[in-house]
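In what follows, a single structure is set out as structure tokens and then discussed.
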Amino acid sequence: MLSRLAQQIEHSVPDLTGLKIVTLTVLSVSLTLLGIRETGYLNSPEQVLYDQMVRWSPEAEPDPRLLIISVTEEDLRNQEKWPFSDQVITQLLQRLQAYNPRAIGLDLYRDFPVEPGHNDLKLELQRPNVITIRNIDDLAGTPAPPASPPEQVGFNNIPVDLDNVVRRNLLFAETPDEVLFSFSLRLALLYLAPEGISPQNSDLNPNYLQLGNTTFIPLAPHSGGYHQLDDSGYQILLTYRSPHAIAREITFTEALLGPLDPQWVQDKVVLIGSSAPSLQDRFFTPYSPTLAGNTKMPGVVIHSHMVSQLLDAALGIRPLFQFWPDALEIAWLLAWSTVGGVIGWWFRHPLAIALSLGISGLILIGIGFGGFLIALWIPLATPAFGLIFTLIMVITYQSYDDNRRQKIVMKLLGQNTSPEIAEALWRGRDHLLKAGKLPGIRLTATMLFLDIKGFSTISEKMSPEELLDWLNELLGDITHEVLAKQGIVNKFTGDGVMAVFGVPMTRTHHTEIALDAQRAVHCALGISQLLDRFNQWGRQKNLPHIQMRIGIFTGPVVVGSLGGKDRLEYGVLGDSVNTAARLESCEKERQPTDCRILIADKTLVYLDNQFEVESWGLLALKGKEQMVEVYRVKGNRE
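Counting from 1, position 193 in the sequence shown corresponds to residue 193 in the UniProt record's numbering; the numbering is continuous, with no gaps.
In structure tokens, the structure reads:
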């Protein structure tokens, strides 16, 4: 029977191969993520991972080419005035010029006179190595100092992402009339001029800037983890040196009045700007989440990072970030979505899935960070989502498919055997479908054998069709009673029934075995009552009066597949089965009631004195060498 069931199962459950499921899921997840990515909604998780890699990266040594002079809260108290007077700024510039810096960047707005000393400041601002700032936020942005030559003015605008973090460096901006240079680029070009490096049109693209051997490829709307990026102007990804000291930093007061080592200034780029929190020239950076205290970085320090990046790139010290083309990013997403699909299809155990997912995640991050260390921004969030979502969808499909298959198989099996055996077959479906049989399981169960007394005489009085209808009616009621008491009908033996209580679940505890034995006896008593009603009904139909014999025995058995490859059935084997059968057939002439129920002492010990019994003494059962203590069950105890 089981081999036939296995074939029916295989042909009854429609199957989609793992390759088709994984492929369809990978494509659907990937296309969905690509669509979401195009809207820019995946920028945030990509940037979060980018920031983490910035924090993981080794810190560079302070840049010896730079000197930062910062205006602190203490400097504001010392001057007792803001903005500082032109005279104070002039004194600082004159002192710095005495030590021959290559460039001085004044990251302080000086768009109107602050007397005294304005005329002297105008002279200092016209020195060829002094760069001043302007703001280009809008047409009414803060202008440059009137005294500064246009070629010595740079805008100090810092591009900020939607999460208020600075990750980009804006080099050029355009107005209807001119191309504007950034503050950091002006300073870098002054430093590089003595090195023989000047801006050129790149060989790669005449619209690209080249300094030395390095081409500055501008960010596009789809560079790295960015999508729908505001790429106005000429932007590059900003490479930070360190969250701490990017260069030597001294206060405004120290630079103005304190001892100043000439080596700190000579041939250096000197940046002057505010770091006082009250002046609010501070920005969030990728380092901000891990910094203590004020987590924002002063604008003058960010400009220093920009200058340092430009110098390193032009001199071939640190490369600029590069990005994959869209086609490669799509292939990257498809690859990791496929990994998720394979894990979800191949592994079923939660621990194996979790371990595989963890290893895959580490590999993904490892590749991404490895690329980051060589200045290649490999998107991580989108493929990570592809990995996870594909895994979840495949697992969900597996669960749905298992449930669907179980319903179909259980329905199919339920047409051939009891629900309990069907459940056992489902749990062992891998063995059943592959080998066509189930392995044997040893357990303790209670067997019930039932036989209709004088069935041959009854069959002589009825036509075959009438006999079949009559027998089906009776056996149907008996089956219902067995199932109601949580037993299973293992087989029909023509005019008899073999039922088992306690399979296919393994019974080892005394309480469980006792409950099965009690259910079997309750079932037998229920069949006795059923027989009385059946005979009353039969008298109305002029059907023969019938009697039954029931034998019940509790003991060890082995359950599993029985037979060969051409015919199998769910078998229950063991001496306990034979004993129950012999109890049913022993002392056939002794039929004190229409339904005689005999049990052995092995079952009686489990009944917990719930039933009224009479001893029939030690009886010799057919085929048994030892005598068996037999009892007749008379009914429930009041």
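We treat Cβ as the ideally placed atom computed from N, Cα and C, and that holds for glycine. The structure displayed is predicted, hence computed values, not measured ones.
Do you know how far the Cα of residue j is from the Cα of residue i?
i: Glu612; j: Gly18; result: 60 Å
i: Glu249; j: Pro145; result: 25 Å
i: Val153; j: Thr25; result: 55 Å
i: Leu2; j: Val559; result: Residue placement at Leu2 is flagged as unreliable, the pLDDT there being 45, under the threshold of 50; a coordinate-derived value is accordingly withheld.
i: Ile597; j: Asn403; result: 42 Å
i: Pro44; j: Gln52; result: For the sequence presented, residue 44 should be read as Ser rather than Pro. Their Cα atoms are separated by approximately 12 Å.
i: Ser242; j: Phe84; result: 30 Å
i: Leu204; j: Ala220; result: 16 Å
i: Trp346; j: Leu33; result: 23 Å
i: Val577; j: Met447; result: 6 Å
i: Leu433; j: Gly571; result: For Leu433, the predicted structure reports a pLDDT of 47, less than 50, and the residue's modelled location is therefore unreliable. The matter cannot be settled from this model.
i: Ser275; j: Pro199; result: 31 Å
i: Arg400; j: Val22; result: Sequence check: residue 400 is Tyr here, not Arg. In a straight line, the C-alpha of Tyr400 is about 15 Å away from that of Val22.
i: Gln76; j: Arg95; result: Correcting the residue type first, residue 76 is Leu in the shown sequence and not Gln. Whole-angstrom Cα-Cα distance: 20 Å.
i: Gln87; j: Lys122; result: 10 Å
i: Trp264; j: Thr290; result: 30 Å
i: Arg539; j: Leu474; result: 14 Å
i: Ser615; j: Ser456; result: 30 Å
i: Leu60; j: Ala354; result: It should be pointed out that residue 60 corresponds to Ala in this sequence rather than to Leu. Cα-Cα distance, rounded: 37 Å.
i: Val394; j: Leu320; result: 40 Å
i: Gly224; j: Gly40; result: 12 Å
Name the DSSP beta bridge partners of residue i, please?
i: Ala276; result: DSSP lists no partner for Ala276.
i: Glu612; result: Gly635
i: Asn169; result: Ile236
i: Thr554; result: Thr446
i: residue 650; result: Because residue 650 is not part of the residues shown, which for the chain are 1 to 638, the question remains open.
i: Trp264; result: Answer is none; Trp264 lacks a bridge partner.
i: Ala103; result: Val269
i: Val630; result: Ala600, Gly617
i: Glu174; result: Val179
i: Arg549; result: Asp451, Arg596
i: Val559; result: Ile441, Val572
i: Met297; result: Phe283
What is the DSSP secondary structure of residue i, counted as helix, strand or coil?
i: Ile236; result: strand
i: Ile68; result: strand
i: Asn207; result: coil
i: Gln415; result: Reliability fails at Gln415, whose pLDDT of 44 lies under 50, so the model's placement of it is uncertain and no value is given.
i: Ile286; result: It should be noted that the sequence gives Pro, not Ile, for residue 286. DSSP places Pro286 in coil when its eight states are reduced to three.
i: Ile131; result: strand
i: Asn535; result: helix
i: Glu61; result: coil
i: Phe112; result: coil
i: Lys122; result: helix
i: Glu625; result: coil
i: Lys588; result: coil
i: Gln322; result: strand
i: Trp377; result: strand
i: Ile527; result: helix
i: Gly340; result: helix
i: Asn201; result: strand
i: Thr214; result: strand
What is the C-beta distance between residue i and residue j, in whole angstroms, given that I count them as a contact (C-beta under 8 Å)?
i: Val628; j: Ala445; result: Not confirmed; about 18 Å, so no contact.
i: Lys491; j: Cys523; result: Their Cβ separation, rounded to whole angstroms, is 16 Å, which puts Lys491 and Cys523 out of contact at 8 Å.
i: Thr90; j: Asp120; result: 4 Å
i: Ile197; j: Ala314; result: 5 Å
i: Ser182; j: Phe155; result: 6 Å
i: Gly386; j: Ser30; result: 6 Å
i: His303; j: Ser184; result: 5 Å
i: Trp188; j: Leu310; result: Looking at the sequence itself, residue 188 is Ala, so the reference to Trp does not match. That belief holds up - the Cβ atoms of Ala188 and Leu310 are roughly 4 Å apart, short of 8 Å.
i: Trp377; j: Leu279; result: 33 Å between Cβ atoms; not a contact.
i: residue 660; j: Gln591; result: Here the chain has residues from 1 to 638 only, and residue 660 is not among them.
i: Pro159; j: Gln228; result: Not quite, the Cβ-Cβ distance comes to about 15 Å (not below 8 Å), so this is no contact.
i: Gln547; j: Asp594; result: 5 Å
i: Leu271; j: Ile68; result: 5 Å
The beta strand (DSSP E) spanning residue i covers which residue range?
i: Asp451; result: 441-453
i: Lys461; result: Taken as a continuous stretch (DSSP letters only), Lys461 belongs to no beta strand (DSSP E), as it is neither H nor E.
i: Arg248; result: 248-251
i: Ala499; result: 496-501
i: Lys491; result: 488-492
i: Thr508; result: Per DSSP, Thr508 belongs to no beta strand (DSSP E) and is neither H nor E.
i: Thr90; result: Premise fails: Thr90 lies in the alpha helix (DSSP H), 86-97, not in any beta strand (DSSP E).
With residue i as the anchor, note down where its alpha helix (DSSP H) starts and where it stops.
i: Cys595; result: Note, Cys595: premise wrong, no alpha helix (DSSP H); beta strand (DSSP E) at 595-600.
i: Thr579; result: 575-585
i: Phe369; result: 350-373
i: Thr25; result: 18-39
Should residue i be listed as close to the ligand SAM, given that the test is whether its C-beta is under 7 Å from any heavy atom?
i: Ile68; result: You won't find the ligand SAM in this model; it holds no ligand whatsoever.
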